[in-house]
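Residue numbers (the working numbering): 636 to 946. So the structure is just underneath, and the comments pick up after that.
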Ligand code: UDP
Ligand code: MG
């Protein structure tokens, strides 16, 4: 089958989703049929350790449009979505979470906006009231800091749920980087985009695979993969501290000249020592973060490894 024969490729990453699989397939099918377009459902089993795969195989018997890409282990959601984009043969692709947090009904509107000539159709969350206050606040800060540091404007409150035209998919495939901060890549490739709005609901079954530590790491690699500003921060702090030290030195010198030798200041010495030590460690950490990226990029390892494909 050539690419143009099929209209929609749905990309579904799944990691230990045995509780959601059935409900998801039952919800998605009528929506896709409503678009009156041809479609495939690419299920990427991201190294699930439960019986997600068996359930998918079982579902495939009833829904022949399901194709299963089975990873050799867990590679993370971004890798799973990347694999979906690589394997998709549709004229457009739509990544969607399997926990029904991305409302399937929205696909109809997205497809309509796509047929009107948009290359990317974002699903934008207008209400995050179901997320905890802490999560909403940290998300908010992240976007603020990100947009401040990076040259690219990151669209706020959009997730991985969006429609991408074939043109966009081909552009994305040309990015060789391993550390894929997909939202940033999107801002980078541009294209004509439209937005459909929705209210994000609670996860129906199972638990979120995102711990705060994972989210923090995601934010850090998001910032460092699109901005070198943090590298410059250490230089600015360094300059500022040097200036301070110079002024203080001058002051001590003048005091010695006019008032004689001062008492040995243990406290002030310690303060300066610790302060500088802290700044040096922080700067090293920032530089280390970038060197870490260089290291993982230069290894050129694959983003994911496919164990088998059931199509
Ligand atoms: N997921 C995945 N690999 C992972 C973690 C998650 O494929 O390592 C999938 C998961 O099965 C779900 C989607 O990514 O379909 C979103 O995961 P989750 O609901 O845990 O994230 P959240 O909604 O909290 O952002
Ligand atoms: Mg979720």
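Even for Gly, the Cβ is constructed at its ideal location relative to N, Cα and C. Keep in mind it's a predicted model, so treat the numbers as computed, not measured.
For residue i, does the three-state DSSP call read helix, strand or coil?
i: residue 916; result: helix
i: residue 872; result: helix
i: residue 878; result: helix
i: residue 720; result: helix
i: residue 649; result: strand
i: residue 942; result: strand
i: residue 759; result: strand
i: residue 926; result: helix
i: residue 931; result: helix
i: residue 742; result: helix
i: residue 706; result: strand
i: residue 644; result: strand
i: residue 701; result: strand
i: residue 731; result: coil
i: residue 910; result: helix
i: residue 711; result: coil
i: residue 921; result: helix
i: residue 752; result: coil
i: residue 655; result: coil
i: residue 895; result: coil
Given the structure, does residue i come close to the ligand UDP, in the sense that its CB is under 7 Å from one of the ligand's heavy atoms?
i: residue 734; result: yes
i: residue 681; result: yes
i: residue 697; result: no
i: residue 834; result: no
i: residue 649; result: yes
i: residue 709; result: yes
i: residue 718; result: no
i: residue 951; result: The chain is shown from 636 up to 946; residue 951 falls before or after that span and cannot be answered.
i: residue 712; result: yes
i: residue 652; result: yes
Roughly how many angstroms separate the alpha carbons of residue i and residue j, rounded to a whole number?
i: residue 731; j: residue 854; result: 21 Å
i: residue 740; j: residue 817; result: 24 Å
i: residue 878; j: residue 899; result: 23 Å
i: residue 832; j: residue 936; result: 37 Å
i: residue 734; j: residue 910; result: 47 Å
i: residue 770; j: residue 895; result: 57 Å
i: residue 827; j: residue 725; result: 19 Å
i: residue 650; j: residue 881; result: 56 Å
i: residue 714; j: residue 883; result: 52 Å
i: residue 852; j: residue 672; result: 39 Å
i: residue 749; j: residue 807; result: 18 Å
i: residue 685; j: residue 654; result: 10 Å
i: residue 872; j: residue 914; result: 8 Å
i: residue 801; j: residue 794; result: 19 Å
i: residue 949; j: residue 755; result: No answer is possible for residue 949: the residues shown for the chain start at 636 and end at 946.
i: residue 942; j: residue 706; result: 5 Å
i: residue 641; j: residue 720; result: 14 Å
i: residue 861; j: residue 768; result: 27 Å
i: residue 637; j: residue 699; result: Because the pLDDT at residue 637 is just 47, under 50, the model does not fix this residue reliably, and the point stays unresolved.
Any heavy atom of the ligand MN inside 7 Å of the beta-carbon of residue i?
i: residue 662; result: Of the ligands this structure carries, namely the ligand UDP and the ligand MG, none is the ligand MN.
Would you check whether the ligand MG has a heavy atom nearer than 7 Å to the C-beta of residue i?
i: residue 846; result: no
i: residue 838; result: yes
i: residue 946; result: no
i: residue 644; result: no
i: residue 843; result: yes
Look at residue i and residue j and say whether their C-beta atoms are less than 8 Å apart.
i: residue 723; j: residue 939; result: no
i: residue 798; j: residue 727; result: yes
i: residue 822; j: residue 789; result: yes
i: residue 859; j: residue 928; result: yes
i: residue 693; j: residue 644; result: no
i: residue 646; j: residue 716; result: yes
i: residue 704; j: residue 679; result: yes
i: residue 868; j: residue 926; result: no
i: residue 712; j: residue 811; result: no
For a minimum of 3 consecutive residues, which ranges assigned as the beta strand (DSSP E) are wholly contained in the stretch 817–865? Look at the stretch 817–865 and you find these whole runs of beta strand (DSSP E), each 3 residues long or longer: 828–834.
Please list the segments of the alpha helix (DSSP H) lying wholly inside the stretch 762–804, counting only runs of 4 or more residues, in order along the chain. Runs of the alpha helix (DSSP H) inside the stretch 762–804: 768–784.
3-residue-minimum beta strand (DSSP E) runs that sit fully inside the stretch 659–687, ordered along the chain: The beta strand (DSSP E) runs lying completely inside the stretch 659–687 and spanning 3 residues or more are 674–680, given in chain order.
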